[in-house]
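Peer 1:
See below:
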């Protein structure tokens, strides 16, 4: 299990470096395409500025977008004690605890780091789980905090937005003017437009890849914390049967949840930010004999 966690962390670092390289390459291509590297410098500065803003405000936005309300111990002692005990077990600061008034079966964690972290669970899932299942779900979310997945998610969120905005601006320039097409190779023009169109698609694929790996990692970390993988496995079975689609639909925060919160099947499996629940359950149950 430890080797799986270490391997996933290495792969995520490589994917993040690729992501940053994609932003830089897109900005450089814009400079080459328009024959003006001031565009490249401006794009990079603007991208860094936007990513930093996203990094610091995205957690609060994610909670607000999904209707998460912070609670105190007196509001729900069972949930509070579960999170508190897990934080003590992991040696982590107590995160802020939120409940989402929604009958969907879902939960998520967000924040910049363990000192600035929050966990949230829907009222539907909270009421449906027994104590060991609730412990499994919240251990999964605390696993995201322990592994700094929440920080990775915020950075990836910012970078996806940067790539999409940058590609959109450059694409509009290429269509509506800004370059001397008579002095440029038609091949370069075609390649430039293709790059501006494909870049956001590549960004989404990278985001999906990182998110899927992080869910497996959090499952493993949560199982190690509770020493009882079956609790989370049973909770995931209930999530699958009860339905994870929330009332408030937000694609920008979907990757934060323990299960896909979006309705329908508008995205193919390759774009999914979540691995198949059945596969996660099978992995957890295979861990039972190894812990």
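Residue numbers (the numbering used here): 958 to 1248. Backbone N, C-alpha and C fix where the C-beta goes; we use that ideal spot for every residue, glycine too. Computed from a prediction, not measured in an experiment: that's the story for all the values here.
Assign residue 1209 to one of two classes, buried (16 or more other C-beta atoms within 10 Å of its C-beta) or exposed (fewer than that).
Peer 2: In the chain shown, residue 1209 corresponds to position 252, counting from 1. Residue 1209 should be labelled exposed.
Peer 1: In the DSSP assignment, what residue or residues form a beta bridge with residue 1053?
Peer 2: What you label residue 1053 is simply residue 96 of the chain shown in a count that begins at 1. Paired residues: 1075.
Peer 1: Using the beta-carbon count (16 or more within 10 Å), is residue 1198 buried or exposed?
Peer 2: Mapped onto the chain shown, residue 1198 falls at position 241. Looking at its Cβ environment, which holds fewer than 16 other Cβ atoms inside 10 Å, residue 1198 is exposed.
Peer 1: Based on the DSSP output, what are the partners of residue 1214 in its beta bridges?
Peer 2: In the chain shown, the residue the question calls residue 1214 occupies position 257. DSSP output for residue 1214 lists 1065 as bridge partner(s).
Peer 1: Just the C-alpha distance for residue 994 and residue 1045, rounded to the nearest angstrom, thanks.
Peer 2: Along the chain shown, one-based indexing puts residue 994 at 37. Along the chain shown, one-based indexing puts residue 1045 at 88. Looking at the two C-alpha atoms, the distance is approximately 52 angstroms.
Peer 1: With a cut-off of 8 angstroms, do at least 3 Cβ pairs link the region 1092-1100 to the region 1184-1199?
Peer 2: With a cut-off of 8 angstroms, the region 1184-1199 and the region 1092-1100 count as touching, because enough Cβ pairs lie within range.
Peer 1: Are the beta-carbon atoms of residue 1064 and residue 1102 separated by less than 7 angstroms?
Peer 2: To locate residue 1064, count along the chain shown from 1; it is residue 107. To locate residue 1102, count along the chain shown from 1; it is residue 145. Their beta carbons are not under 7 angstroms apart, which means residue 1064 does not touch residue 1102 by this criterion.
Peer 1: Determine the burial state of residue 1227: buried for a count of at least 16 other Cβ atoms within 10 Å of its Cβ, exposed for fewer.
Peer 2: The count along the chain shown starts at 1 and reaches residue 1227 at position 270. Because the pLDDT at residue 1227 is just 45, under 50, the model does not fix this residue reliably, and the value given afterwards should be weighed accordingly. By the neighbour-count rule (16 or more Cβ atoms within 10 Å), residue 1227 is not buried but exposed.
Peer 1: With a threshold of 8 angstroms, are at least 3 pairs of Cβ atoms found where one atom belongs to the region 1050-1060 and the other to the region 1018-1026?
Peer 2: The region 1050-1060 vs the region 1018-1026: in contact.
Peer 1: Would you mind reading off the limits of the alpha helix (DSSP H) that contains residue 1205?
Peer 2: Start at 1 with the first residue of the chain shown, and residue 1205 comes out as number 248. Per DSSP, residue 1205 belongs to no alpha helix (DSSP H) and is neither H nor E.
Peer 1: Hey, how far is the Cα of residue 1196 from the Cα of residue 979?
Peer 2: On the chain shown, position 239 is the one that residue 1196 refers to. On the chain shown, position 22 is the one that residue 979 refers to. For residue 1196 and residue 979, the distance between alpha carbons rounds to 36 angstroms.
Peer 1: Can you list, in chain order, the residues of its chain whose CB lies under 7 angstroms from that of residue 934, leaving out five sequence neighbours each side?
Peer 2: This structure leaves residue 934 out entirely; the chain is present only between 958 and 1248.
Peer 1: Per DSSP, residue 1026 forms a beta bridge with which residues?
Peer 2: Taking the first residue of the chain shown as 1, we reach residue 1026 at position 69. Paired residue(s): 1056.
Peer 1: DSSP on residue 1093, reduced to helix/strand/coil?
Peer 2: Sequence index remark: in the chain shown, residue 1093 carries index 136 (1-based). It is helical.
Peer 1: Below 8 angstroms on the Cβ atoms is my guess for residue 1036 versus residue 1083; work out the distance and round it to an integer in Å.
Peer 2: Residue 1036 sits at position 79 when you count from the first residue of the chain shown. Residue 1083 sits at position 126 when you count from the first residue of the chain shown. Between residue 1083 and residue 1036 the Cβ distance is about 6 angstroms, and since that is below 8 angstroms, they are a contact.
Peer 1: Identify which residue in 1073, 1003, 1173, 1077 has its Cα closest to the Cα of residue 1235.
Peer 2: Position 278 of the chain shown holds residue 1235. Selected option, being the one with the closest Cα: 1173.
Peer 1: Can you tell me which of the three DSSP states residue 1185 falls into?
Peer 2: Counting from 1 along the chain shown, the entry for residue 1185 is found at position 228. Note: residue 1185 maps to coil in three-state DSSP.
Peer 1: Tell me whether the beta-carbon of residue 1180 lies closer than 7 angstroms to the beta-carbon of residue 1244.
Peer 2: In the chain shown, residue 1180 corresponds to position 223, counting from 1. In the chain shown, residue 1244 corresponds to position 287, counting from 1. Yes.
Peer 1: Going by DSSP in three states, residue 993 sits in which element: helix, strand or coil?
Peer 2: As a position in the chain shown, residue 993 is number 36, starting the count at 1. Coil, per DSSP.
Peer 1: So, helix, strand or coil for residue 1032, using DSSP?
Peer 2: The residue labelled residue 1032 in the question sits at position 75 within the chain shown. Three-state result, residue 1032: coil.
Peer 1: At the level of alpha carbons, what is the spacing between residue 1211 and residue 992?
Peer 2: As a position in the chain shown, residue 1211 is number 254, starting the count at 1. As a position in the chain shown, residue 992 is number 35, starting the count at 1. If I take the Cα positions, the gap works out to 38 angstroms.
Peer 1: What do you reckon, are the CB atoms on residue 1108 and residue 1169 nearer than 7 angstroms?
Peer 2: The residue you call residue 1108 lines up with position 151 of the chain shown. The residue you call residue 1169 lines up with position 212 of the chain shown. In this structure, residue 1169 does not lie closer than 7 angstroms to residue 1108 by Cβ.
Peer 1: Is the beta carbon of residue 982 closer than 7 angstroms to that of residue 1000?
Peer 2: Here the question's residue 1000 lines up with position 43 in the chain shown. Here the question's residue 982 lines up with position 25 in the chain shown. The answer is no: Cβ separation not under 7 angstroms.
Peer 1: Near residue 1214, what residues of its chain come up, given a Cβ to Cβ distance below 6 angstroms and the 5 sequence neighbours on each side ignored?
Peer 2: As a working mapping, residue 1214 is identified with position 257 in the chain shown. Answer for residue 1214: 1063, 1065, listed in chain order.
Peer 1: CA-CA distance, residue 1207 and residue 1110?
Peer 2: Counting from 1 along the chain shown, the entry for residue 1207 is found at position 250. Counting from 1 along the chain shown, the entry for residue 1110 is found at position 153. Distance between the alpha carbons of residue 1207 and residue 1110 is about 15 angstroms.
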